[in-house]
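If you use the numbering used here, the first sequence corresponds to residues 96 to 581, in order.
C-beta atoms are modelled at their ideal positions from N, C-alpha and C, and glycine is treated no differently.
Please read the structure below before turning to the comments.
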Amino acid sequence: MSAELSKQPVVKEVPPKGDDLSAWYTAVCLRAELVSYSPVRGCVVLRPYGFGLWENLQRELDARFKATGHENAYFPLLIPESLLMKEAEHVEGFAPEVAWVTHGGSEKLTERLAIRPTSEVIIGTMYAQWIESHRDLPILINQWCNVVRWEKATRPFLRTMEFLWQEGHTAHATAQQAREETLKILDVYRDFAENVAALPVYAGVKSASERFPGAEETYSIEALMPDGKALQSATSHDLGQNFAKAYDITFADADGTTKHVYTTSWGMSWRMLGAVIMAHGDDRGLRLPPKLAPLEAVIVPIVKASDRRALDVAEQLRAALAERGFRVRVDDRDQTPGWKYAEWEIRGVPVRIEIGPRDVESASVTLVRRDKRKGEEGASRNVPTSGVAEALRETLGAVHENLFAQAKEFLTTHTFAVSEREEFLERCSSRAGMIDVAWCGRPECEAFVKAQTGATTRNLRALEGQARCVACGESARVRAYFAQSY
RNA sequence: CGGGACGUAGCUCAGCUUGGUAGAGCGCCGCGUUUGGGACGCGGAAGUCGCAGGUUCAAGUCCUGUCGUCCCGACCA
């Protein structure tokens, strides 16, 4: 963005995105009525428009879980302290951010209860009761719930003390099945990110230091934000037998011996919505991917004192589109059309349908795309009223593709394959984006890079051929994306 | 958790230095005229100045504490 353009906000109440991403992000979250701050520190209220985003995320992701054989269930919010303590690494990882219930009414509890920061513990305990035989496996359960982590610094969606997410927990007879499950879900997350959220991501395995406490392996999808920082958007963990051993989850196998199960866990939170907001938004506010948008289209009737026909036409069109499954509303509030255009642009509705006297005369409507700038090629077009449903379907698809293409272009042009040490450190320090390098895989090496530059490995993938670690010069074992992260 | 900034009307902020009866713009409500990119006129409502103490005849203003928000860093799946 040019300096001249940056001086005046394009939209009042929303500062230019390129000037200060943090200020832009917070302003948009509030102004678009996604969230409100609440009287509780670090906790936000998810308003109806924001909850609409979450509902669509849920619907799309849940359908994918169901399609891969998972069922939903619900487990308790509170976890007895003694239960939590059984898996040492896990406890150590979460201890600093667990909130505790110490009293019931005025009576002090004999045992403290943790408010779940995640549910491996309580679910593992139940699995121990439910599983007896290899015939009981696999167990494939997901729950949609809230969790609490006592965070020090919070921001809407990206890091809040209480947040909404889904957590899947599965148990399997063999290590291989657990690994396959972990990778299957990783691919569900990648598919969701790309085809629902219009967000290109890098999927891969986490380094040892970035691994979930108690996991054998953690996999993640990582998106790139406009400031060059990476945002971990979902994780999938292969827990091996660690939790099975801690919580004594065993089964009688076909060969007659008793064995520990292999478990997995995986989660995506409303943090994904933060990634969507930041990656796609522009100087005029939100730009929502159609599949997540609470409203796919808003109809703005333009009425004159002498001609109020547009109002009826708009309502008929709304009913016809709703009938065909579109999420639409008519904005018939007492405001000028220009006011409504600006308002719905801030709130990111993918398509605006204008109906004025001219359109009524010609039995047509005007479709305007939010993802394009005013006057840009293809930003608006006039279509016959009879063909609106088809045109809308087509346009929503095009908006998704365009948002994805723009985000992909950003990711591609901000991913740097680097083999020189100096350039590597410089790009890491300057938040250039995803720095793609050959890496030795040693925790000391990663710690050194973090201390020098603030960047860590986001995730790793196989190294082809032979190379030297870009940071320390030892023999490289993997390829890694380094970046500073949220 | 460390460093910095800020809490005054729904929002953005002025007023604080030098203590003396609470201000503006936008928004909101009513009526009328309007409506193809944030309309206009007239009238109106709205704030225990984040909260709690203290100093003072008198505190939005000075002092202490506390809660919250933002930024930078540390921490964090």
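Cα atoms of V455 and R404: separation of roughly 7 Å, rounded to the nearest angstrom.
Sixteen is the threshold: when 16 or more other Cβ atoms of the shown chains lie within 10 Å of the Cβ of L179, as they do, the residue is buried. Membership of P432 in the alpha helix (DSSP H) is indicated by the continuous run P432 to I441. Approximately 11 Å separates the beta-carbon atoms of Y581 and L319; this is outside 8 Å, ruling out the contact.
Taking each of L506, T507, D531 and S525 in turn and checking the Cα distance to E515, the smallest one comes out for D531.
Taking C-beta separations shorter than 7 Å and ignoring five residues to either side along the sequence, the partners of N477 in its chain run S459 and T461, following chain order. The beta carbons of L558 and A571 sit closer together than 8 Å. Excluding its 5 nearest sequence neighbours in each direction, Q547 has C-beta neighbours in its own chain below 8 Å: L520, C523 and S524, listed in chain order. Counting only residues of its own chain and dropping the five nearest sequence neighbours on each side, P212 has a CB closer than 7 Å to the CB of F189, E192, V193, V242, V243 and R244. Cβ atoms of A266 and I344 come within 8 Å of each other, at about 6 Å. At the C-beta level, R464 and K324 stay beyond 8 Å of one another. Under DSSP, F511 shares a beta bridge with I530. Annotation: the continuous beta strand (DSSP E) that includes P479 extends over S475 to P479.
Taking each of I397, E438, V494 and S457 in turn and checking the Cα distance to I450, the smallest one comes out for I397. Under the Cβ criterion (8 Å, minimum of three pairs), the stretch 479 to 495 does not count as touching the stretch 358 to 365. Under a 10 Å Cβ-count criterion, E539 is classified as exposed, with fewer than 16 other Cβ atoms of the shown protein chains found around its own Cβ. The C-beta of H165 has 16 or more other C-beta atoms within 10 Å across all chains shown, which makes the residue buried.
When C-beta atoms of the stretch 151 to 160 are compared with those of the stretch 381 to 389, three or more pairs fall below 8 Å, so the two segments count as touching. Here the C-alpha atom of K203 lies approximately 14 Å from the C-alpha atom of P175.
Classified as exposed, S133 has fewer than 16 neighbouring CB atoms from the shown chains inside 10 Å of its CB. Note on geometry: alpha-carbon atoms of W225 and D231 lie some 8 Å from one another. It is roughly 15 Å from the alpha-carbon of A374 to the alpha-carbon of R442. Proximity of the stretch 266 to 279 to the stretch 480 to 489 falls short of the contact definition, fewer than three beta-carbon pairs being nearer than 8 Å. The C-beta distance from E391 to R422 rounds to 5 Å, short enough to fall under 8 Å.
DSSP, reduced to helix, strand and coil, places V444 outside both helices and strands of the structure shown, so it counts as coil. Judged by DSSP secondary structure, R553 falls outside any alpha helix (DSSP H) and instead within the beta strand (DSSP E) spanning T551 to A557. Distance between H264 and E305, taken at the CA atoms: about 20 Å. The residue among S228, R207 and H509 with its C-alpha nearest the C-alpha of A347 is S228. For S177, the uninterrupted alpha helix (DSSP H) segment begins and ends at E176 to L179.
Taking the CA atoms as reference points, H509 sits about 23 Å from A542. Rounded to the nearest angstrom, the gap between the Cα atoms of L141 and S131 is 7 Å. Assignment of V398 by DSSP, reduced to helix, strand and coil, places it in the coil class. Q501 and R563 have their C-alpha atoms some 34 Å from each other. At the C-beta level, T249 and G376 stay beyond 8 Å of one another.
Counting only unbroken stretches of 3 or more residues, the beta strand (DSSP E) elements lying wholly within the stretch 207 to 294 are 234 to 243 and 257 to 267, in sequence order. Note on geometry: alpha-carbon atoms of L498 and V300 lie some 27 Å from one another.
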